[in-house]
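> For reference, the structure I am asking about is given below.
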Amino acid sequence: PRAHSYTKYNTWSDIQNWMNSISSSNPNLISKQVIGNTYEGRPMTVLKLGKASSSAKPAIFMDCGIHAREWISPAFCQWFVKEALSTYGSDSQMTSLLNQMDVFVLPVFNIDGYAYTHTNNRMWRKTRSSRSGSSCVGADPNRNFDAGWCTLGASSNPCSDTFCGYSPESEIEVKNVADFIRRNKSVIKAYITMHSYSQLLLFPYSYKYGLAADHSELLKVAQGASAALQSLYGTRYTSGPGATTIYPAAGGSDDWAYDLGVKYSYTFELRDTGRYGFLLPESQIKPTCEETMLAFKYIAAYVQKNL
Ligand SMILES: NCCCCC[C@@H](C[SeH])C(=O)O
Ligand SMILES: [Zn+2]
Ligand SMILES: [Zn+2]
């Protein structure tokens, strides 16, 4: 079988094997927990990074792979875990971060969809749930959260790629993540969700045009993170509220987390701006992950300073 590589788009099977081995590699810094199964029964696995502590530490939650075809997203979550473990002890900021906080990483949110893009349809976006009454499969997890659910920028047609689902959290994958974040909301200070493509750093709201109460602070941090990202290879990002920066979109994970009380809530649209789109070549995994690490660390440092 193919081996796992940080500079390749790994199959779910290779990612699962990788999670099992890396989470037993350093019990003082990483552990894994299954937060539930997907519709097709695959284990949704969260990696908890941070210096082991008997008391609860403030935390950041990051997910990748909400949308199946956005392969650069799970690639970043895997890269992040490798970088965190390999630079802890040598990189002062990463050491400080993992000493003071925990980082929960969900490398593949929509595992069924991700597997389906490897076997059947590279351009699949949604979950793989099916319900009697429709021949169409899946709902858009990023329209299925309980945040302005199905009001705008989403479809109630099960055959649409932005189908909002039959009710909020109807998708078991969404419910599993929402339950986990609700269970840990007292410690979770930031929510970061990785998507592609367009090179955008978005924050609430997308379910309405109105500005978030923390708009100016969220914008300031996003602009700082984008500048940090650009400093490496010159990659240019646009920062702003989702509704006006990309499009209105209700039911999103970032809006939901923000309204739950997780103030620092961001959606990344990673490389590129359309030349390759979702089919970003594997040769761009390394540079994309390196520059995105700088943006993540900028946000994490800001959150740490404002604990
Ligand atoms: N919560 C919505 C954030 C803005 C839209 C993000 C994109 C990622 Se592909 C989408 O879900 O359509
Ligand atoms: Zn997406
Ligand atoms: Zn996108």
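Mapping of the sequence shown onto the numbering used here: residues 39 to 345, in sequence order.
All residues carry an ideal CB built from backbone N, CA and C; glycine is no exception.
So, are the CB atoms of S111 and S303 less than 7 angstroms apart?
no
> When the Cβ atoms of the segment 325-332 are set against those of the segment 251-259, are three or more pairs found closer than 8 angstroms?
no
> If we ignore side chains and look at the alpha-carbon of each, how far apart do T311 and Y275 end up?
10 angstroms
> For S193, which residues of its own chain have a beta-carbon under 7 angstroms away from its beta-carbon, when the five flanking residues on both sides are left out?
T200, F201, C202
> Is N180 near ligand 1, with its Cβ less than 6 angstroms from a heavy atom?
yes
> Would you identify the three-state DSSP class for G71, choosing helix, strand or coil?
For the sequence presented, residue 71 should be read as Gln rather than Gly. DSSP places Q71 in strand when its eight states are reduced to three.
> Could you spell out where the beta strand (DSSP E) holding M232 opens and where it closes?
226-234
> Suppose you measure from the CA of V341 to the CA of Q138; what does that come to, to the nearest Å?
Counting only the Cα atoms, Q138 lies some 11 angstroms from V341.
> In whole angstroms, what is the alpha-carbon distance linking K213 and E207?
5 angstroms
> According to DSSP, simplified to helix, strand and coil, what is P39?
For P39, the pLDDT reaches just 47, beneath the cut-off of 50, and the residue's location in the model is therefore unreliable, although a value from the coordinates is still provided. Coil, per DSSP.
> Per DSSP, V141 is paired with what?
L87, I98
> Which whole runs of the alpha helix (DSSP H) in the segment 179-226 are 4 residues long or more, in chain order?
210-221
> Give the range of the beta strand (DSSP E) segment to which L318 is assigned.
No beta strand (DSSP E) contains L318, which DSSP labels as neither H nor E.
> Mind reading off the beta-carbon distance from E320 to L240? Whole number of angstroms is fine, and I expect it under 8 angstroms.
Their Cβ separation, rounded to whole angstroms, is 26 angstroms, which puts E320 and L240 out of contact at 8 angstroms.
> Whose C-beta lies closer than 7 angstroms to the C-beta of Y271 among residues of the same chain, with five residues either side of it excluded?
P325, E329
> With a threshold of 6 angstroms on Cβ separation, who are the neighbours of P39 within its own chain once the five nearest residues in sequence on each side are excluded?
Caution is warranted here: a pLDDT of 47 is assigned to P39, below 50, making its placement in the model unreliable, and the coordinate value is therefore given only provisionally. If we look at P39 and ignore the five residues flanking it on each side, it has no Cβ neighbours.
> Under a Cβ-count criterion, where at least 16 other Cβ atoms within 10 Å of its own Cβ denotes burial, should A333 be classed as buried or exposed?
buried
> Is the beta carbon of I210 closer than 7 angstroms to that of V141?
No, these two residues do not count as a Cβ contact at 7 angstroms.
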